[in-house]
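Everything on this sheet refers to the single structure shown next.
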Amino acid sequence: HRDVLITSTTTMKFSRRRTTTSTSSSTATSGTIVLSGGPYTFREMSDRGATSDQYQMIQADTCLERGDYQFVVYDTVGDGICCYYGHGKYALHFTNGREIRPLSSGSFLGQRQETIFQVRSDDLDTVMSERTRPQDATIDVDGDGQKDADEPESPQESESTISLSSFATASGVDLTLGLNKAYGILFNLKLNPDVSSLSIAGMDLYLDTTSHVHYEVWAKPGLWQTVDDEANPNYMKDFYPVSHGTIQGKGLCTPTSTKTCDFATIPIRDFQKVAMLAANIKRLAVYVTLDSDDLIVKDHPGDGSEEGDLFNDGEDEAMDHSLVQASNPAFRVFYGASVLTYPLQVADPATDFRYNKGFLGRIWYRDSAIV
(Lines of atoms letter the chains of each structure in order from A and count residues from 1; the text may use other names and numbers.)
(Lines give C-alpha, C1' and ligand atoms only; values in the text may rest on other atoms or scores of the structure.)
Protein backbone atom coordinates (compact mmCIF):
# COMPACT_ATOMS: atom_id res chain seq x y z
CA HIS A 1 0.00 0.00 0.00
CA ARG A 2 1.04 3.67 -0.14
CA ASP A 3 1.72 5.46 3.13
CA VAL A 4 1.13 9.20 3.29
CA LEU A 5 3.87 10.73 5.40
CA ILE A 6 5.23 13.99 6.74
CA THR A 7 8.77 14.86 7.68
CA SER A 8 9.39 15.72 11.32
CA THR A 9 12.59 17.38 12.53
CA THR A 10 14.04 17.32 16.02
CA THR A 11 16.65 19.90 17.01
CA MET A 12 18.53 19.72 20.31
CA LYS A 13 21.16 22.09 21.75
CA PHE A 14 22.89 20.48 24.70
CA SER A 15 24.19 21.79 28.00
CA ARG A 16 27.49 20.48 29.31
CA ARG A 17 26.68 18.86 32.66
CA ARG A 18 28.26 15.49 33.43
CA THR A 19 25.19 13.61 32.33
CA THR A 20 23.86 11.32 29.62
CA THR A 21 20.93 12.36 27.47
CA SER A 22 19.02 10.31 24.90
CA THR A 23 15.80 10.71 22.95
CA SER A 24 13.07 8.62 21.40
CA SER A 25 9.92 9.31 19.39
CA SER A 26 7.19 6.67 19.33
CA THR A 27 3.56 6.17 18.41
CA ALA A 28 1.32 6.76 21.40
CA THR A 29 -0.93 3.79 20.61
CA SER A 30 1.49 0.96 19.79
CA GLY A 31 4.67 2.24 21.44
CA THR A 32 6.65 1.54 18.26
CA ILE A 33 9.84 3.61 18.14
CA VAL A 34 10.18 5.59 14.89
CA LEU A 35 13.22 7.69 15.80
CA SER A 36 15.81 7.57 18.56
CA GLY A 37 19.19 9.02 19.37
CA GLY A 38 21.91 8.99 21.96
CA PRO A 39 23.20 8.55 24.46
CA TYR A 40 24.71 12.03 24.21
CA THR A 41 27.33 12.91 26.80
CA PHE A 42 28.75 16.23 27.88
CA ARG A 43 31.84 18.04 26.65
CA GLU A 44 33.82 20.13 29.12
CA MET A 45 33.18 23.86 28.76
CA SER A 46 34.67 26.79 30.60
CA ASP A 47 31.90 29.23 29.64
CA ARG A 48 28.43 28.05 30.67
CA GLY A 49 26.62 31.12 29.40
CA ALA A 50 24.03 31.11 26.64
CA THR A 51 26.52 32.84 24.31
CA SER A 52 29.30 30.27 24.76
CA ASP A 53 30.82 28.88 21.57
CA GLN A 54 31.08 25.36 22.95
CA TYR A 55 27.53 24.17 22.32
CA GLN A 56 26.65 21.22 20.11
CA MET A 57 23.42 20.82 18.15
CA ILE A 58 21.85 17.55 17.02
CA GLN A 59 19.32 17.63 14.17
CA ALA A 60 17.32 14.54 13.19
CA ASP A 61 14.70 14.07 10.47
CA THR A 62 12.21 11.24 10.06
CA CYS A 63 8.93 10.51 8.26
CA LEU A 64 5.71 9.99 10.23
CA GLU A 65 2.30 8.66 9.30
CA ARG A 66 -0.92 10.18 10.55
CA GLY A 67 -1.52 9.39 14.21
CA ASP A 68 -0.59 10.20 17.79
CA TYR A 69 3.03 10.37 18.95
CA GLN A 70 5.15 11.15 21.97
CA PHE A 71 8.66 12.55 21.97
CA VAL A 72 10.71 11.74 25.09
CA VAL A 73 13.94 13.28 26.34
CA TYR A 74 15.73 11.13 28.92
CA ASP A 75 18.29 12.56 31.34
CA THR A 76 20.26 10.36 33.74
CA VAL A 77 20.91 13.07 36.35
CA GLY A 78 17.29 14.16 36.40
CA ASP A 79 17.67 17.91 35.93
CA GLY A 80 17.22 18.25 32.18
CA ILE A 81 19.63 19.93 29.76
CA CYS A 82 19.37 23.45 31.18
CA CYS A 83 20.34 25.69 32.91
CA TYR A 84 23.13 25.69 35.52
CA TYR A 85 25.68 23.80 33.43
CA GLY A 86 24.72 25.48 30.16
CA HIS A 87 21.61 26.60 28.30
CA GLY A 88 20.40 23.49 26.49
CA LYS A 89 17.25 23.68 24.33
CA TYR A 90 15.21 21.46 22.04
CA ALA A 91 12.49 21.82 19.42
CA LEU A 92 10.11 19.77 17.24
CA HIS A 93 8.54 20.86 13.97
CA PHE A 94 7.09 19.62 10.69
CA THR A 95 8.32 20.51 7.20
CA ASN A 96 5.08 22.41 6.54
CA GLY A 97 6.20 24.88 9.21
CA ARG A 98 3.96 23.81 12.09
CA GLU A 99 5.86 23.88 15.36
CA ILE A 100 5.11 21.20 17.90
CA ARG A 101 7.57 22.74 20.31
CA PRO A 102 9.57 25.93 19.57
CA LEU A 103 13.28 25.94 20.38
CA SER A 104 13.13 26.56 24.11
CA SER A 105 14.71 25.63 27.43
CA GLY A 106 15.28 21.95 28.14
CA SER A 107 14.94 22.39 31.89
CA PHE A 108 12.89 19.71 33.64
CA LEU A 109 12.89 17.65 36.84
CA GLY A 110 13.03 13.89 36.71
CA GLN A 111 14.67 11.52 34.27
CA ARG A 112 12.35 12.15 31.33
CA GLN A 113 10.19 14.81 29.69
CA GLU A 114 7.44 13.92 27.22
CA THR A 115 5.89 15.96 24.42
CA ILE A 116 2.63 14.55 23.04
CA PHE A 117 1.66 15.53 19.51
CA GLN A 118 -0.55 14.46 16.62
CA VAL A 119 0.13 14.22 12.90
CA ARG A 120 -2.96 15.61 11.16
CA SER A 121 -4.13 15.37 7.58
CA ASP A 122 -3.08 18.96 6.87
CA ASP A 123 0.49 18.12 7.96
CA LEU A 124 0.99 15.59 5.17
CA ASP A 125 3.39 16.57 2.44
CA THR A 126 5.05 13.44 1.07
CA VAL A 127 3.90 10.14 -0.45
CA MET A 128 6.20 7.12 -0.25
CA SER A 129 5.58 3.73 -1.82
CA GLU A 130 7.39 1.73 0.80
CA ARG A 131 8.12 2.34 4.47
CA THR A 132 11.21 0.78 6.01
CA ARG A 133 12.30 1.06 9.62
CA PRO A 134 15.66 0.19 11.17
CA GLN A 135 15.92 -2.97 13.21
CA ASP A 136 15.18 -2.65 16.91
CA ALA A 137 17.95 -2.08 19.41
CA THR A 138 17.89 -1.27 23.11
CA ILE A 139 18.86 2.02 24.72
CA ASP A 140 20.50 2.01 28.13
CA VAL A 141 19.25 5.43 29.19
CA ASP A 142 20.83 5.70 32.62
CA GLY A 143 24.15 4.19 31.60
CA ASP A 144 24.06 1.28 34.04
CA GLY A 145 24.40 -1.39 31.35
CA GLN A 146 20.84 -2.63 31.90
CA LYS A 147 17.65 -1.80 30.02
CA ASP A 148 15.26 -0.17 32.50
CA ALA A 149 11.53 -0.83 32.75
CA ASP A 150 10.58 2.49 31.19
CA GLU A 151 13.23 2.31 28.47
CA PRO A 152 11.53 1.40 25.18
CA GLU A 153 12.85 -0.79 22.43
CA SER A 154 14.27 1.53 19.80
CA PRO A 155 15.76 1.53 16.32
CA GLN A 156 19.27 2.55 15.47
CA GLU A 157 19.92 6.24 15.14
CA SER A 158 18.45 7.71 11.96
CA GLU A 159 20.85 8.16 9.05
CA SER A 160 19.49 11.69 8.70
CA THR A 161 20.79 12.68 12.13
CA ILE A 162 23.58 15.27 11.98
CA SER A 163 25.72 16.90 14.64
CA LEU A 164 26.60 20.59 14.43
CA SER A 165 29.30 22.51 16.27
CA SER A 166 29.05 26.17 17.22
CA PHE A 167 31.37 29.14 17.30
CA ALA A 168 30.46 32.42 19.01
CA THR A 169 32.43 35.47 17.88
CA ALA A 170 32.16 37.00 21.37
CA SER A 171 30.80 36.24 24.82
CA GLY A 172 30.71 37.68 28.32
CA VAL A 173 31.97 41.24 28.73
CA ASP A 174 32.70 41.50 24.99
CA LEU A 175 28.94 41.65 24.45
CA THR A 176 28.61 44.77 26.58
CA LEU A 177 31.52 47.02 25.54
CA GLY A 178 32.62 48.66 22.29
CA LEU A 179 29.32 48.13 20.50
CA ASN A 180 27.42 49.89 17.75
CA LYS A 181 24.13 49.37 15.95
CA ALA A 182 23.47 48.93 12.25
CA TYR A 183 21.02 47.53 9.74
CA GLY A 184 23.52 44.99 8.48
CA ILE A 185 27.11 43.83 8.29
CA LEU A 186 29.45 42.52 5.57
CA PHE A 187 32.27 40.21 6.65
CA ASN A 188 34.43 37.30 5.48
CA LEU A 189 35.14 33.78 6.72
CA LYS A 190 38.28 31.81 5.88
CA LEU A 191 39.10 28.12 6.36
CA ASN A 192 42.15 27.36 8.44
CA PRO A 193 45.07 25.72 6.60
CA ASP A 194 44.49 22.20 8.00
CA VAL A 195 40.76 22.14 7.17
CA SER A 196 39.75 20.76 3.80
CA SER A 197 36.02 21.48 3.95
CA LEU A 198 33.07 22.34 6.15
CA SER A 199 29.51 23.60 5.78
CA ILE A 200 27.96 26.63 7.46
CA ALA A 201 24.59 25.38 8.70
CA GLY A 202 23.09 28.17 10.81
CA MET A 203 23.56 31.50 12.57
CA ASP A 204 22.42 33.26 15.73
CA LEU A 205 22.26 37.07 15.82
CA TYR A 206 22.81 39.64 18.58
CA LEU A 207 19.92 42.11 18.45
CA ASP A 208 19.06 45.26 20.37
CA THR A 209 15.38 44.42 20.55
CA THR A 210 13.03 41.88 22.08
CA SER A 211 10.53 42.28 19.27
CA HIS A 212 10.14 40.19 16.13
CA VAL A 213 12.23 41.53 13.24
CA HIS A 214 12.80 40.62 9.61
CA TYR A 215 16.27 39.25 8.85
CA GLU A 216 18.19 38.15 5.75
CA VAL A 217 21.45 36.21 5.32
CA TRP A 218 23.31 36.22 2.00
CA ALA A 219 26.59 34.57 0.96
CA LYS A 220 29.01 34.30 -1.96
CA PRO A 221 32.41 32.68 -2.53
CA GLY A 222 35.39 34.99 -2.07
CA LEU A 223 35.46 38.44 -0.49
CA TRP A 224 32.65 40.94 0.00
CA GLN A 225 35.06 43.75 -1.00
CA THR A 226 35.44 42.40 -4.54
CA VAL A 227 33.60 44.59 -7.07
CA ASP A 228 33.87 44.93 -10.85
CA ASP A 229 33.59 48.71 -11.04
CA GLU A 230 35.20 50.62 -8.19
CA ALA A 231 33.74 53.89 -9.47
CA ASN A 232 30.20 52.46 -9.25
CA PRO A 233 30.54 49.44 -6.95
CA ASN A 234 27.75 46.89 -6.74
CA TYR A 235 28.45 45.13 -3.45
CA MET A 236 25.33 42.96 -3.81
CA LYS A 237 26.57 41.30 -6.99
CA ASP A 238 26.98 37.50 -6.80
CA PHE A 239 25.43 37.27 -3.32
CA TYR A 240 22.74 34.57 -3.12
CA PRO A 241 20.10 34.17 -0.39
CA VAL A 242 20.85 31.71 2.40
CA SER A 243 18.04 32.47 4.86
CA HIS A 244 15.31 35.00 5.49
CA GLY A 245 12.34 35.31 7.79
CA THR A 246 11.35 36.65 11.18
CA ILE A 247 13.08 36.06 14.51
CA GLN A 248 12.61 37.46 17.99
CA GLY A 249 15.51 39.35 19.52
CA LYS A 250 16.84 38.67 23.01
CA GLY A 251 17.82 42.28 23.75
CA LEU A 252 21.06 44.07 24.53
CA CYS A 253 23.18 43.24 27.56
CA THR A 254 24.80 46.04 29.53
CA PRO A 255 27.65 45.91 32.09
CA THR A 256 25.10 46.40 34.88
CA SER A 257 22.42 44.13 33.42
CA THR A 258 21.27 41.19 35.55
CA LYS A 259 19.77 39.26 32.65
CA THR A 260 21.59 36.51 30.79
CA CYS A 261 23.09 37.58 27.45
CA ASP A 262 21.67 35.54 24.60
CA PHE A 263 21.47 35.46 20.82
CA ALA A 264 18.40 35.21 18.59
CA THR A 265 18.44 31.86 16.81
CA ILE A 266 17.65 31.49 13.12
CA PRO A 267 15.82 28.13 12.84
CA ILE A 268 18.16 25.57 11.32
CA ARG A 269 15.36 24.41 9.01
CA ASP A 270 15.26 27.89 7.45
CA PHE A 271 18.98 28.05 6.74
CA GLN A 272 20.46 26.78 3.46
CA LYS A 273 23.78 25.07 4.18
CA VAL A 274 26.80 26.74 2.57
CA ALA A 275 29.88 24.69 1.68
CA MET A 276 33.44 25.94 2.12
CA LEU A 277 36.17 23.98 0.32
CA ALA A 278 39.90 24.49 0.61
CA ALA A 279 40.27 23.64 -3.08
CA ASN A 280 38.14 26.50 -4.41
CA ILE A 281 35.98 28.18 -1.75
CA LYS A 282 38.31 28.67 1.19
CA ARG A 283 36.88 32.19 1.68
CA LEU A 284 33.23 33.02 2.07
CA ALA A 285 31.63 36.48 2.09
CA VAL A 286 28.55 36.95 4.27
CA TYR A 287 25.96 39.72 4.38
CA VAL A 288 23.60 39.74 7.38
CA THR A 289 20.89 42.38 7.58
CA LEU A 290 17.66 43.41 9.25
CA ASP A 291 15.09 45.89 7.96
CA SER A 292 15.73 47.97 11.10
CA ASP A 293 18.91 49.23 12.80
CA ASP A 294 18.79 46.67 15.63
CA LEU A 295 21.79 44.55 14.66
CA ILE A 296 24.57 44.91 17.23
CA VAL A 297 28.14 44.97 15.85
CA LYS A 298 31.56 45.07 17.46
CA ASP A 299 34.09 47.91 17.13
CA HIS A 300 37.65 47.02 16.17
CA PRO A 301 39.77 47.42 19.34
CA GLY A 302 42.39 49.47 17.48
CA ASP A 303 42.13 52.85 15.85
CA GLY A 304 40.82 51.49 12.55
CA SER A 305 37.90 53.79 11.85
CA GLU A 306 38.98 54.20 8.22
CA GLU A 307 39.11 51.59 5.51
CA GLY A 308 42.79 51.06 6.29
CA ASP A 309 44.05 47.51 5.78
CA LEU A 310 40.54 46.11 5.45
CA PHE A 311 40.74 45.92 1.68
CA ASN A 312 44.00 43.97 1.82
CA ASP A 313 42.07 41.01 3.27
CA GLY A 314 42.86 38.06 1.07
CA GLU A 315 45.51 39.85 -0.96
CA ASP A 316 48.31 39.55 1.57
CA GLU A 317 48.42 36.66 4.05
CA ALA A 318 50.61 38.74 6.36
CA MET A 319 47.73 41.17 6.82
CA ASP A 320 45.18 38.52 7.80
CA HIS A 321 46.03 38.25 11.48
CA SER A 322 45.43 41.92 12.21
CA LEU A 323 41.94 41.67 10.73
CA VAL A 324 40.82 38.51 12.50
CA GLN A 325 37.94 39.16 14.87
CA ALA A 326 37.62 35.61 16.18
CA SER A 327 38.96 32.16 15.31
CA ASN A 328 38.65 28.50 16.19
CA PRO A 329 40.39 25.35 14.85
CA ALA A 330 38.13 25.26 11.78
CA PHE A 331 37.91 28.84 10.46
CA ARG A 332 38.48 32.54 11.11
CA VAL A 333 35.99 35.42 11.16
CA PHE A 334 37.28 38.79 9.89
CA TYR A 335 36.27 42.33 10.72
CA GLY A 336 34.14 43.85 7.97
CA ALA A 337 31.87 46.82 7.41
CA SER A 338 28.56 47.63 9.05
CA VAL A 339 25.81 48.96 6.78
CA LEU A 340 23.66 51.86 8.00
CA THR A 341 20.74 51.39 5.66
CA TYR A 342 18.59 48.70 4.04
CA PRO A 343 18.75 47.15 1.53
CA LEU A 344 22.39 47.00 0.51
CA GLN A 345 21.59 48.06 -3.06
CA VAL A 346 20.75 51.60 -1.91
CA ALA A 347 23.78 52.00 0.38
CA ASP A 348 26.44 54.56 -0.46
CA PRO A 349 29.80 53.20 0.76
CA ALA A 350 31.03 56.74 1.43
CA THR A 351 28.26 57.52 3.90
CA ASP A 352 26.56 54.21 4.81
CA PHE A 353 29.55 51.94 5.51
CA ARG A 354 31.41 51.89 8.82
CA TYR A 355 34.62 49.90 8.42
CA ASN A 356 36.43 47.57 10.85
CA LYS A 357 33.21 46.37 12.47
CA GLY A 358 32.72 42.81 13.68
CA PHE A 359 29.82 40.37 13.47
CA LEU A 360 28.42 39.42 16.89
CA GLY A 361 26.61 36.11 17.12
CA ARG A 362 27.05 32.38 16.75
CA ILE A 363 27.86 30.37 13.64
CA TRP A 364 26.71 26.74 13.45
CA TYR A 365 28.80 24.48 11.24
CA ARG A 366 29.58 20.90 10.36
CA ASP A 367 33.11 19.65 9.78
CA SER A 368 33.16 17.61 6.59
CA ALA A 369 36.86 16.80 6.81
CA ILE A 370 39.80 18.04 8.83
CA VAL A 371 43.11 16.71 7.58
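Quick note, the sequence shown lines up with residues 502 to 872 if you use the numbering used here. C-beta atoms are modelled at their ideal positions from N, C-alpha and C, and glycine is treated no differently. The structure displayed is predicted, hence computed values, not measured ones.
- In the three-state reduction of the DSSP assignment, Asp-868 falls in the strand class.
- Taking each of Pro-603, Asp-576, Gln-571 in turn and checking the Cα distance to Pro-768, the smallest one comes out for Pro-603.
- Closest option to Gln-571, judged by alpha-carbon separation, among Asp-580, Thr-577, Leu-593, His-588: Leu-593.
- Nearest to Asp-868 by alpha-carbon distance, out of Lys-774, Tyr-716, Glu-717, is Lys-774.
- Cβ-Cβ separation between Leu-699 and Ala-831: approximately 6 Å, consistent with a contact (criterion under 8 Å).
- Nearest to Asp-849 by C-alpha distance, out of Asn-857, Lys-858, Ala-838, is Ala-838.
- With a cut-off of 8 Å on Cβ pairs, the stretch 789-797 is in contact with the stretch 685-695, counting three or more such pairs.
- Of the candidates Glu-600, Met-558, Val-535, Gln-557, the residue whose Cα lies closest to the Cα of Val-573 is Val-535.
- Nearest to Ile-782 by alpha-carbon distance, out of Leu-625, Lys-691, Ile-617, Arg-567, is Lys-691.
- Contact annotation: Ser-758 and Val-718 have beta-carbon atoms that are not nearer than 8 Å.
- Here the alpha carbons of Thr-662 and Lys-858 stand approximately 36 Å from one another.
- Leu-861 is the residue among Asp-853, Ala-851, Leu-861 whose C-alpha sits nearest the C-alpha of Ser-828.
- For the set Asn-693, Thr-677, Ser-608, Gly-598, the Cα lying nearest the Cα of Asp-576 is the one of Ser-608.
- Leaving aside the five residues that flank Arg-599 on each side, the residues in its chain whose CB is nearer than 8 Å to its CB run, in chain order, Asp-624.
- Excluding residues up to 5 positions away in sequence, Gly-579 lie with their Cβ nearer than 7 Å to the Cβ of Gly-611 in the same chain.
- In the DSSP annotation of this structure, the continuous segment of the alpha helix (DSSP H) that includes Asp-853 starts and ends at 850-853.
- Straight through space, the alpha carbons of Cys-762 and Arg-863 are spaced by roughly 13 Å.
- When the Cα atoms are used, Val-674 and Asn-681 turn out to be separated by approximately 15 Å.
- With respect to Tyr-866, Ser-605 sits apart: the two C-beta atoms are not nearer than 8 Å.
- A residue is called buried when at least 16 other Cβ atoms come within 10 angstroms of its Cβ; Gln-619 does not meet this threshold and is exposed.
- Less than 8 Å divides the Cβ of Arg-855 from the Cβ of Leu-841.
- When only Cα atoms are considered, Val-825 and Pro-694 end up about 15 Å apart.
- Judged by DSSP secondary structure, Gln-726 falls outside any beta strand (DSSP E); it is assigned neither H nor E.
- The alpha-carbon of Gly-723 is positioned some 11 Å away from that of Leu-778.
- Counted as a single uninterrupted DSSP element, the beta strand (DSSP E) harbouring Gln-826 occupies residues 825-828.
- Secondary structure note for Gln-612: it is in no beta strand (DSSP E), with a DSSP letter that is neither H nor E.
- Here Pro-756 is not near Thr-670, since their CB atoms are 8 Å or more apart.
- In chain order, Asn-735, Lys-738 place their CB closer than 8 Å to the CB of Asp-729, counting only its own chain and leaving out the 5 sequence neighbours on each side.
- Shown here, Asp-709 sits in coil according to DSSP, grouped into three states, outside any helix or strand.
- Within the DSSP bridge table, the entry for Asp-569 names Gln-619 as partners.
- Per DSSP, the continuous beta strand (DSSP E) segment holding Ile-686 begins and ends at 685-692.
- Around the beta carbon of Ser-664, a 10 Å sphere encloses fewer than 16 other beta carbons of the protein chains shown; the residue is thus reported as exposed.
- When only Cα atoms are considered, Asn-733 and Tyr-541 end up about 53 Å apart.
- Counting along the chain, Phe-595 sits inside the beta strand (DSSP E) bounded by residues 590-595.
- For Val-847, the three-state secondary structure derived from DSSP is helix.
- At a Cβ-Cβ threshold of 8 Å, Thr-711 and Gly-746 do not count as neighbours.
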